[in-house]
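Protein chains in written order, with numbering that gives the first Met the number 0: chain A, 0 to 624; chain B, 0 to 86. From the three backbone atoms N, C-alpha and C, an ideal C-beta is built for every residue, glycine too. Owing to the predicted nature of the structure, the values given are computational and were not obtained by experimental measurement.
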Amino acid sequence: MSARNATAPSCHGPAAVAVPAGAKKIVLVGNPNVGKSLFFNAFTGLYVDVSNYPGTTVAVSSGRMGDDVVLDTPGIYGVSSFNDEETVARDIVIEADLVVNVVDAVHLERDLFLTYQLVDMGLPMVVALNMFDEAEARGLRVDHQELSRLLGVPVVPTVAVSKTGFDEVRRALPDARSGASDPVLQDLIVGLLDRVDSRPEALLVLEGDPFVAARHGVEPLGMRDEIYLARRRRVNDLVARVVERREGGLDLRTRLGHALLRPLIGVPVLAVVLFVMYEIIGVLVAQVIVGFTEGTIMQGHVEPLIREVVGAVVGSSGPLYELIAGEFGVLTLSLTYIVGLLLPLVVAFYLLMSVLEDSGYLPRIAALADRVMTAVGLNGRAVIPMILGFGCITMATITTRILGNERERKIATALMAFAIPCSAQLGVITGLLAATGGFTLTIAYVVIMVVIFGLLGVAMARYVPGESTDLLIDLPPLRVPQPKNVATKTYRKTIMFLREVSLYFVAGSLLLGVLQVTGALTAAQQWLAPLTVGWLRLPKEAATAFIMGFVRRDFGAAGLYGLGLSGADVLVALVTITLFVPCIASVLVITKERGRSFAAFTWVGSIVLAFLIGGILAHVAGWLA
Amino acid sequence: MTLLEARKGSRIRILQIPDDRARAQCIRFGIGEGTVVDWTEPLTVGPVLVRQANQEICLGRSLAARILVEEAPGERHDASPSHGARA
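Listed below in structure tokens is the structure:
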């Protein structure tokens with residue numbers, strides 16, 4: 000649990016959105032992947048605000064519906080403080096005037112747990128019984144009238160994908176009321192109300208939530224097990240009364256879902272999926288599209304224009320010009336980098352990740368990779384940042400927030416910073432391999448990098464303090480992703496990413512500009528030369544490539560093109576440049592996410608590691624020859 | 000025996016989940032201590048898959064190795080009111 004949970008500034012935690020006087024706060028709550036965002040989009044229309052919830056990194060969307068404010072919350076299985084998503088959802092739910100609880104009719108055993116928790120909080124609510132059609136198709140008959148009677152709140156059957164039932168949900172809002180809770184539990188809650196000022200918070204204190212308890216200066220009461228088990232019994236009882244199950248074998252989708260978990264089918268399918276992703280991102284986007292956006296648009300048209308304008312204002316030479324519009328200029332390098340290179344790649348990555356997420360395939364990749372990831376001190380969920388790392392290490396470093404604890408985040412961050420080439424670098428690496436080495440060298444490079452990744456991971460699993468968490472995920476059914484939902488998700492994530500990291504790219508290029516203007520870059524090049532020639536046995540110009548690697552990893556790799564390297568030299572140079580320091584923007588983001596000393600460790604560590612392994616390879620290659 | 004040792008396809012009753020958070024999360028997913036699950040399958044090179052009603056969850060092997068279970072071949076689960084209570 001992070002420290003930020005404990006330091007909420009006000010009694011109820013930070014307010015995410017300003018709500019005008021008289022307006023109601025309508026909060027959408029539900030498990031992950033139940034179609035909540037489709038409700039949000041339909042209720043609020045175009046004018047939506049997405050922002051990080053204060054003090055956290057979780058995005059919260061808000062919009063208007065008539066006079067009222069609608070807030071979307073992250074998908075959760077229950078309200079407490081197990082992770083950032085829950086913390087954010089908890090604080091928004093506590094302040095809600097009205098809750099719309101979206102439940103998946105196919106998985107009522109799971110979803111009604113949260114519903115009953117909301118009922119126990121005494122919040123006025125309406126339940127949207129979503130995916131009603133899918134439940135029927137799977138032989139489940141849900142008696143929604145009986146469900147409504149037993150829960151004590153309005154229940155509306157919906158099919159969010161086709162917007163069926165949305166109007167009915169809207170019309171049911173005035174009828175929202177507190178549901179039928181457990182009388183024994185309510186007595187306990189009422190008993191706490193003199194010390195804790197609201198029912199939702201009193202319930203959380205009873206359930207042992209340490210943060211809510213601390214806000215009110217009371218001790219958390221460790222009754223979670225009893226309350227949870229009793230609630231689980233109520234849910235099962237309720238499901239038994241309202242759901243009629245037609246017996247039948249497993250349907251095709253469930254069978255397919257199982258097959259994807261078994262290595263014999265799962266691994267080849269995963270290989271195909273990754274290959275298709277590589278073709279789309281590594282070839283189509285990284286080469287064709289980026290070639291156009293970065294090369295033609297930015298370097299061909301925008302940069303010359305900026306140089307002309309800046310030159311006219313501050314003169315076309317001198318330190319100021321260099322800092323603004325020079326090789327590493329704030330307006331040239333960082334703009335080209337963010338708009339020309341990163342934007343297309345990040346959009347493509349988030350697009351594919353959203354498709355994988357919405358199709359229900361992502362958790363299956365996590366399950367498939369769990370064993371391998373356990374060996375390097377992570378669990379299966381870590382494949383998500385790892386895959387993103389091949390796109391952009393900076394983006395992936397931010398995504399390590401989904402991992403269970405700080406130990407896992409450290410291991411994943413370091414593994415990516417050391418051993419995973421980002422797409423910019425990958426483009427140049429594959430180009431160089433194709434031009435000089437061909438198949439054997441490519442295989443050798445891949446094998447060497449995989450071995451290094453494994454050894455590093457095993458070493459870190461052993462020495463990074465703490466204990467990793469176990470995989471514990473639910474597998475959603477496979478579904479066909481909704482294009483509109485995928486587009487919205489991609490758009491929001493991209494905006495969030497650019498908003499969060501653009502400044503770091505600007506800061507990075509400014510820093511490099513200063514180093515160049517002061518002559519520090521050239522000095523470093525001289526200083527590195529003996530290492531390059533003596534130890535790595537590469538031409539001394541290769542030092543420039545490494546120095547450029549400080550700036551952008553692909554600049555570094557690109558610097559190797561002109562050197563006329565062949566055979567083993569290519570391998571030595573590529574392995575060294577891959578292991579070499581992560582780009583300056585990701586170093587800054589690592590500093591922000593993991594702290595200064597950890598960033599320093601990865602930075603210095605990657606230099607040592609790169610030259611150590613590069614040198615060993617060079618010498619081994621020398622003996623073999 | 001532990002969940003990791005359960006035979007593929009067996010119907011089992013969950014007896015004890017030692018870790019606080021894992022226990023809470025499992026109850027939310029629908030498998031509390033005392034629950035009878037329909038199907039369990041230690042995946043060949045992966046976690047343990049557990050299915051109950053329409054709910055499928057994956058538990059990492061080291062977590063599965065700490066969860067105590069017993070075989071419950073004849074019992075129907077069917078979300079009956081009583082089955083969550085035994086523990």
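Asked: Reference A:A434; option with closest CA among A:K539, A:I305, A:G566; Found: A:G566
Asked: Under 7 Å by beta carbon: chain B residues contacting A:G77; Found: R27
Asked: From A:S358, A:T412, A:L203, A:Y115, residue whose alpha carbon lies closest to that of A:P482; Found: A:S358
Asked: Of the listed residues A:S61, A:A171, A:A506, nearest to A:S333 (C-alpha basis); Found: A:A506
Asked: CB contact below 8 Å: A:R223 versus chain B; Found: yes
Asked: Listed by chain order, chain D residues near B:V44 by CB distance under 7 Å; Found: Within the model displayed, chain D is absent; protein chains A and B are what it includes.
Asked: Short Cβ contact (8 Å threshold) for A:F579 with A:I606; Found: yes
Asked: Environment of A:A88 [buried if 16+ CB atoms lie within 10 Å]; Found: buried
Asked: Against chain B: residues of the stretch 94–111 of chain A by CB proximity under 7 Å; Found: V105, H106, E108, R109
Asked: Completely contained alpha helix (DSSP H) runs for the stretch 243–268 of chain A, where each covers 4 or more residues; Found: 251–258
Asked: Integer-rounded CB distance, given that A:L37 should sit under 8 Å from A:A159; Found: 4 Å
Asked: Supposed contact pair A:L172 and A:V125 - C-beta distance, whole angstroms, cut 8 Å; Found: 6 Å
Asked: Sheet register partners of B:C57 (DSSP bridge); Found: A:I472, B:L48
Asked: Segment limits, alpha helix (DSSP H) that includes A:M385; Found: 382–388
Asked: Residues bridged to B:Q87 [DSSP beta-bridge criterion]; Found: Because chain B is modelled from 0 through 86, residue 87 of chain B falls outside the range shown and cannot be assessed.
Asked: Cβ-based contacts, 8 Å cut-off: residues of the stretch 168–183 of chain A near chain B; Found: none
Asked: Cutoff 8 Å: A:R231 Cβ touching any chain B Cβ; Found: yes
Asked: C-beta neighbour in chain B for A:T531, strict 8 Å; Found: no
Asked: Assumed close pair A:L342, A:I279 - CB separation to whole angstroms, cut-off 8 Å; Found: 16 Å between Cβ atoms; not a contact.
Asked: Residue burial classification, B:A28 (beta-carbon count within 10 angstroms, cutoff 16); Found: Strictly speaking, residue 28 of chain B in this sequence is Phe, with Ala absent from that position. So B:F28 ends up on the buried side.
Asked: Rounded Cβ spacing between A:G62 and A:G44 (contact assumed at less than 8 Å); Found: 7 Å
Asked: Cross-chain neighbours of A:T373 in chain B, by beta carbon under 8 Å; Found: G59, R60, S61
Asked: Cβ-Cβ separation, A:I93 to A:E200 (assumed contact under 8 Å), whole Å; Found: 6 Å
Asked: Whether A:F452 touches A:G390 by CB criterion (8 Å); Found: no
Asked: Sub-8 Å separation of A:P153 and A:D174 beta-carbons; Found: yes
Asked: Beta-carbon proximity list for A:A598, same chain, < 7 Å, skipping 5 on both sides; Found: V586, I589, T590
Asked: Which of helix, strand or coil DSSP assigns to A:A58; Found: strand
Asked: Nearest-angstrom beta carbon gap, A:A366 and A:G379 [assumed within contact, 8 Å]; Found: 6 Å
Asked: Residue-level contact to chain B via CB, A:Y444, 8 Å cutoff; Found: no
Asked: Segment contact flag, the stretch 291–302 of chain A with the stretch 265–278 of chain A, C-beta cutoff 8 Å, min 3 pairs; Found: no
Asked: Neighbourhood of A:V68 by C-beta distance below 8 Å, restricted to the same chain and skipping five residues each side; Found: V16, V18, P19, A22, K23, K24, I25, S61, G62
Asked: Contact between the stretch 322–340 of chain A and the stretch 403–418 of chain A (3+ Cβ pairs under 8 Å); Found: no
Asked: From A:V99, A:L139, A:L203, A:Y76, residue whose alpha carbon lies closest to that of A:D119; Found: A:L203
Asked: 8 Å Cβ cutoff met for A:M459 and A:A418; Found: no
Asked: Interface partners of B:I13 on chain A, CB under 9 Å; Found: Within chain A, no residue comes near B:I13; the closest Cβ sits about 12 Å away, beyond 9 Å.
Asked: Cutoff 8 Å: B:A84 Cβ touching any chain A Cβ; Found: The predicted position of B:A84 is uncertain, since its pLDDT is 37 and thus under 50; no value can be drawn from it.
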